[in-house]
Amino acid sequence: SQWGEENLQALSIQEGEDVTMNCSYKTYTTVVHWYRQDSGRGPALIILIRSNEREKRSGRLRATLDTSSQSSSLSITAAQCEDTAVYFCATDRASSSFSKLVFGQGTSLSVVP
Amino acid sequence: GPKVLQIPSHQIIDMGQMVTLNCDPVSNHLYFYWYKQILGQQMEFLVNFYNGKVMEKSKLFKDQFSVERPDGSYFTLKIQPTALEDSAVYFCASSFTGGYAEQFFGPGTRLTVL
Chain A
2 SQWGEENLQA LSIQEGEDVT MNCSYKTYTT VVHWYRQDSG RGPALIILIR
52 SNEREKRSGR LRATLDTSSQ SSSLSITAAQ CEDTAVYFCA TDRASSSFSK
102 LVFGQGTSLS VVP
Chain B
41 GPKVLQIPSH QIIDMGQMVT LNCDPVSNHL YFYWYKQILG QQMEFLVNFY
91 NGKVMEKSKL FKDQFSVERP DGSYFTLKIQ PTALEDSAVY FCASSFTGGY
141 AEQFFGPGTR LTVL
């Protein structure tokens with residue numbers, strides 16, 4: 002799982018398997034962003050889940066958010082090689098309508114044939 | 041989708057020199073950000089910028105750092121003078137709205153300070 006002080010997590014799975022990545026955060030938030038970062042590129046948003054949504058799906062991706070335990074998860078169903086990337090959760094410590102993302106350490110996911 | 045561009049992709053400079061990192065944000069976006077990522081570590085917020093002003097900065101945004109977007113051109117991060125600990129990848133991001141908005145990130149500029 003990701004959290005501020007933890008080292009980058011690494012997962013290796015086989016194509017076709019399901020995988021879940023977890024994220025815990027310290028400060029209450031109403032929004033959790035899940036970003037994917039491919040090697041040599043900037044992060045790209047894949048799911049944004051708000052506190053009024055306990056679960057959100059996008060294709061093979063599923064995110065959950067539990068504000069009571071301050072945790073979120075990202076699941077990938079039937080992973081494919083192109084899902085190989087680093088996945089970050091981020092909370093938005095917005096103040097006065099100005100955004101400030103706080104990222105977790107990230108999970109490096111490797112999907113092998 | 042919308043793209044944020046960053047120039048250069050890699051910059052190598054000697055400690056003490058000045059460096060300017062350039063960001064070309066998404067054209068209709070109004071909010072701009074810089075983040076810093078040291079190799080193997082998490083990405084960390086540096087600053088957000090709106091309507092020509094810094095709205096919030098982190099403790100990583102040292103006095104040697106400055107940002108500006110003159111006349112709607114590039115959004116720049118200037119470091120003067122640079123220090124060894126400034127070596128990192130710097131990511132620019134932009135968003136159309138403020139709080140809780142999707143931020144679009146550029147590919148990063150890898151800064152190496154020797």
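Listed in order, the protein sequences are those of chains A and B. Using my numbering, the final residue of the first sequence is 114, and nothing's skipped along the way. Using my numbering, the final residue of the second sequence is 154, and nothing's skipped along the way. Just so you know, even glycine gets a beta-carbon here, dropped at the ideal spot from N, CA and C.
Taking 9 Å as the Cβ-Cβ cut-off, the region 34-47 of chain A approaches chain B at H34, Y36, Q38, G41, R42, G43, P44, A45 and L46, given in chain order. Between B:N88 and chain A, the shortest Cβ-Cβ separation is below 7 Å. By the neighbour-count criterion, in which 16 or more other beta carbons inside 10 Å mark a residue as buried, A:G41 falls on the exposed side. The shortest CA-to-CA distance from B:T149 to any of B:Q120, B:V87 and B:Y75 is the one to B:Y75. Secondary structure note for B:V107: its beta strand (DSSP E) is the uninterrupted segment F105 to E108.
Comparing C-alpha distances from B:L100 to each of B:Y114, B:I119 and B:R109 shows the shortest one belongs to B:I119. Contact between A:L46 and B:E142 holds, with the beta-carbon distance rounding to 5 Å and staying under 8 Å. Using beta-carbon distances, B:G92 does not count as an interface residue toward chain A, since no partner is under 7 Å.
One Cα belongs to B:D103, the other to A:D84, and the distance between them is close to 40 Å. A distance below 6 Å between beta-carbons, with the five flanking residues on each side excluded, links A:Y26 to the following residues of its chain, in chain order: Q71 and T92. For A:I14, the beta-bridge partners assigned by DSSP are A:V112. B:I78 is a Cβ neighbour of B:A128, given a cutoff of 7 Å.
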